[in-house]
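Chemist: Each number in our numbering corresponds to the 1-based position in the sequence shown with 2 added.
By construction, the Cβ of each residue, glycine as well, lies at the ideal position given by its N, Cα and C atoms.
Shown below is the structure under consideration.
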Amino acid sequence: MIQINITKRFAGFCLHMDFEHESGCLGILGASGSGKSMTLKCIAGIEKPDQGRIVVGDRVLFDSEKKINLMPQQRRVGYLFQNYALFPNMTVEENIGVGIRDKKLRRQQAAAQIQRFQLTGLEKRYPGQLSGGQQQRVALARMMANEPELILLDEPFSALDGYLKEKLQHEMMEVLKDFPGDVLLVSHSRDDIYRFSPRVLAIDDGHVLQSGSIEDIFLSPLNYKVARLTGCNNISPAEKRGEYEVYAKEWDITLKTSRPVTEDIRYVGLRSHDIRTVSEDEEQNQGTPGENVFQMELLDVVESPFEYKYHMRAAGSSAAESIWWKTYKNLDKHAVPESFPRKLQIPKEKLLLLRE
Numbered sequence: 003m004i005q006i007n008i009t010k011r012f013a014g015f016c017l018h019m020d021f022e023h024e025s026g027c028l029g030i031l032g033a034s035g036s037g038k039s040m041t042l043k044c045i046a047g048i049e050k051p052d053q054g055r056i057v058v059g060d061r062v063l064f065d066s067e068k069k070i071n072l073m074p075q076q077r078r079v080g081y082l083f084q085n086y087a088l089f090p091n092m093t094v095e096e097n098i099g100v101g102i103r104d105k106k107l108r109r110q111q112a113a114a115q116i117q118r119f120q121l122t123g124l125e126k127r128y129p130g131q132l133s134g135g136q137q138q139r140v141a142l143a144r145m146m147a148n149e150p151e152l153i154l155l156d157e158p159f160s161a162l163d164g165y166l167k168e169k170l171q172h173e174m175m176e177v178l179k180d181f182p183g184d185v186l187l188v189s190h191s192r193d194d195i196y197r198f199s200p201r202v203l204a205i206d207d208g209h210v211l212q213s214g215s216i217e218d219i220f221l222s223p224l225n226y227k228v229a230r231l232t233g234c235n236n237i238s239p240a241e242k243r244g245e246y247e248v249y250a251k252e253w254d255i256t257l258k259t260s261r262p263v264t265e266d267i268r269y270v271g272l273r274s275h276d277i278r279t280v281s282e283d284e285e286q287n288q289g290t291p292g293e294n295v296f297q298m299e300l301l302d303v304v305e306s307p308f309e310y311k312y313h314m315r316a317a318g319s320s321a322a323e324s325i326w327w328k329t330y331k332n333l334d335k336h337a338v339p340e341s342f343p344r345k346l347q348i349p350k351e352k353l354l355l356l357r358e
């Protein structure tokens with residue numbers, strides 16, 4: 003169990019984080035400058051909150067009223083920094099040994115971590131002689147050597163690309179699978195959060211926007227900012243036209259919805275992969291257009307090796323913004339630029355009704 007209720011003020015910014023987490027891995031999703039890393043630093047004891055309380059399990063790490071503020075070394079918190087923070091003048095073996103409190107067991111336990119993280123043969127190398135993946139494994143080994151009760155991961159994959167990123171993600175998942183304590187992972191990457199964290203906090207400007215299961219956050223974001231954080235490319239200001247109908251102002255189309263449109267709805271969102279193609283058989287058999295079926299005209303297309311990303315609008319509309327549609331080439335043989343204009347359906351159950 004983790005209990006966080008802290009406030010820390012800066013010039014022009016106030017961090018106020020208030021949340022609890024039962025167990026396992028919790029993802030904190032937010033843009034740069036939203037307060038993600040500062041939250042971790044306060045938990046680790048690197049920064050001191052102005053007020054509040056931090057509890058991990060049955061141990062109080064910080065309590066402003068009771069004047070409790072444990073030193074970082076006393077908190078039993080493992081912190082994996084974004085840049086790994088290895089000591090450049092220490093070897094791999096020495097870097098790992100720093101995290102071991104019992105000096106008598108330092109060499110033995112360091113050797114065990116070197117073997118665990120597949121660093122054998124690199125013991126005498128310095129960080130500057132290691133690849134990015136090797137540096138991360140050293141940082142993980144140092145962190146785990148200290149036997150932490152809580153692990154904090156600060157954008158651990160932001161500097162990695164492609165195969166190396168996927169490989170290290172898999173390796174870290176194997177490490178965390180056997181870890182008995184809790185994990186907080188902060189990232190601006192929705193993909194990293196989705197892969198690691200069954201529960202998520204979406205934050206902005208130093209406070210929590212929405213919390214819940216990964217399904218809640220990605221399938222049912224409550225407001226504009228959370229929808230953007232989770233990668234929704236299509237968002238338009240909306241005007242209520244009926245109990246189950248909205249007008250998307252920037253797309254210049256009226257849409258049927260599966261959920262009631264409440265008075266506080268200000269935007270409508272649509273993920274770019276949720277648009278549905280209307281088959282030739284459907285076109286021939288439908289005497290009248292189905293719900294949310296539009297003749298679309300193409301404005302632009304971006305082609306990559308495996309997909310098309312179309313920018314389009316409803317034919318004859320005066321749309322101020324285009325709608326993005328993403329489709330994989332091998333899933334829709336008709337999804338090619340030459341197929342436009344064409345009929346597409348926006349499934350009403352896929353529409354996101356968003357507050358401010």
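What's the C-alpha gap between Glu305 and Glu151?
Modeler: Those two C-alpha atoms are separated by around 47 Å.
Chemist: In three-state terms, what does DSSP make of Thr256?
Modeler: Of the three classes helix, strand and coil, the one that applies to Thr256 here is strand, per DSSP.
Chemist: Tell me, to the nearest whole angstrom, how far the beta carbon of Leu186 is from that of Leu42; I am working on the premise that it is less than 8 Å.
Modeler: The pair is a contact, with the Cβ atoms about 7 Å apart (cut-off 8 Å).
Chemist: What is the residue span of the beta strand (DSSP E) that Glu245 lies within?
Modeler: Neither: Glu245 is in no beta strand (DSSP E) and is coded neither H nor E.
Chemist: Among Asp254, Pro239, Ser222, whose alpha-carbon lies nearest the alpha-carbon of Arg261?
Modeler: Checked all of Asp254, Pro239, Ser222; the closest Cα to Arg261 is Ser222.
Chemist: If we count Cβ pairs, one from each stretch, closer than 8 Å, do we get three or more for the region 34–54 versus the region 87–102?
Modeler: Counting Cβ pairs under 8 Å, fewer than three are found: no touch.
Chemist: Just how far apart, CA to CA, sit Glu299 and Ala316?
Modeler: Answer to the nearest angstrom: the Cα atoms are 6 Å apart.
Chemist: Determine the contact status of Gln297 and Lys345, defining contact as a CB-CB distance below 7 Å.
Modeler: Cβ atoms of Gln297 and Lys345: closer than 7 Å.
Chemist: My guess is that Leu363 and Thr259 are in contact by the Cβ rule of under 8 Å, so how many angstroms apart are they, rounded?
Modeler: Outside the modelled stretch of the chain, which goes from 3 to 358, sits residue 363, for which no answer is possible.
Chemist: To the nearest angstrom, report how far apart Asn332 and Asn235 are at their CA atoms.
Modeler: Straight-line Cα distance between these residues: approximately 22 Å.
Chemist: Near Gly289, which residues of its chain fall below 6 Å by C-beta distance, leaving aside the five closest residues on each side in sequence?
Modeler: For Gly289, the pLDDT reaches just 49, beneath the cut-off of 50, and the residue's location in the model is therefore unreliable, although a value from the coordinates is still provided. Cβ within range, chain order: n/a, list empty.
Chemist: Which value, in whole angstroms, describes the spacing of the CA atoms of Met1 and Cys16?
Modeler: As displayed, the chain neither begins before 3 nor continues past 358, which places residue 1 out of reach and without an answer.
Chemist: Assuming Asn97 is part of the alpha helix (DSSP H), what are its boundary residues?
Modeler: Taken as a continuous stretch (DSSP letters only), the alpha helix (DSSP H) holding Asn97 covers 94–99.
Chemist: In the DSSP assignment, find the unbroken alpha helix (DSSP H) run with Thr41 in it and report its ends.
Modeler: First-last of the alpha helix (DSSP H) with Thr41: 38–46.
Chemist: What is the residue span of the alpha helix (DSSP H) that Ser212 lies within?
Modeler: First, the residue type needs correcting, since residue 212 is Gln and not Ser in the sequence shown. Premise fails: Gln212 lies in the beta strand (DSSP E), 209–215, not in any alpha helix (DSSP H).
Chemist: When DSSP labels each residue in this structure, what does Gln53 get in the three-state scheme?
Modeler: In the structure shown, Gln53 sits in a strand (DSSP, three-state: E or B).
Chemist: On the three-state DSSP scale, how would you describe Glu29?
Modeler: First, the residue type needs correcting, since residue 29 is Gly and not Glu in the sequence shown. If DSSP states are grouped into helix, strand and coil, Gly29 belongs with the strands.
Chemist: Can you look up Leu354 in the DSSP assignment and give me helix, strand or coil?
Modeler: Correct three-state label for Leu354: strand.
Chemist: With the cut-off set at 7 Å, would you say Met175 and Gly80 are in Cβ contact?
Modeler: Not closer than 7 Å, so no.
Chemist: On the criterion of 16 or more Cβ atoms from any shown chain inside 10 Å, does Tyr86 qualify as buried, or is it exposed?
Modeler: Answer is buried; the Cβ neighbour count reaches 16.
Chemist: With DSSP run on the structure shown, which of helix, strand or coil describes Glu176?
Modeler: Reduced to three states, the DSSP call for Glu176 is helix.
Chemist: Under 7 Å, Cβ to Cβ, is there at least one residue of chain D near Leu301?
Modeler: Here there is only one protein chain, and chain D is not present.
Chemist: Using the Cβ count rule (16 or more neighbours within 10 Å means buried), how would you classify Tyr330?
Modeler: Classification for Tyr330: exposed.
Chemist: Leaving out five residues on either side along the sequence, give the residues of the same chain with a beta carbon under 7 Å from the beta carbon of Val280.
Modeler: For Val280, where only same-chain residues beyond five positions count, the Cβ hits under 7 Å are Val295, Lys345, Leu346, Gln347.
Chemist: If you follow the beta strand (DSSP E) that Ala113 is in, where does it begin and where does it stop?
Modeler: Careful: Ala113 lies outside any beta strand (DSSP E), inside the alpha helix (DSSP H) at 108–118.
Chemist: Kindly give me the distance between the Cβ atoms of Leu257 and Leu353, rounded to whole angstroms, as I take these residues to be in contact under 8 Å.
Modeler: With a Cβ gap of about 6 Å, Leu257 and Leu353 count as contacting.
Chemist: Please name the residue in Gln5, Pro339, Pro239, Ala322 whose C-alpha comes closest to that of Tyr312.
Modeler: If we check each option's Cα against that of Tyr312, Pro339 comes out closest.
Chemist: With DSSP collapsed to three states, give me the class of Val1.
Modeler: The requested residue 1 does not occur in the structure, where the chain is confined to residues 3 to 358.
Chemist: Determine the closest residue to Ile116 out of Glu96, Gln131, Gly208, Gly130, with distance taken between C-alpha atoms.
Modeler: Selected option, being the one with the closest Cα: Glu96.
Chemist: Determine whether the beta carbon atoms of Phe342 and Leu203 lie at a separation below 7 Å.
Modeler: Against a cut-off of 7 Å, the Cβ pair of Leu203 and Phe342 comes out as no contact.
Chemist: Once the 5 residues before and after Tyr226 are set aside, which same chain residues still bring their CB inside 6 Å of it?
Modeler: Answer for Tyr226: Tyr269, Leu356, listed in chain order.
Chemist: Is the Cβ-Cβ distance between Asp52 and Thr9 less than 7 Å?
Modeler: It is a contact, given that the beta carbons lie within the stated cut-off.
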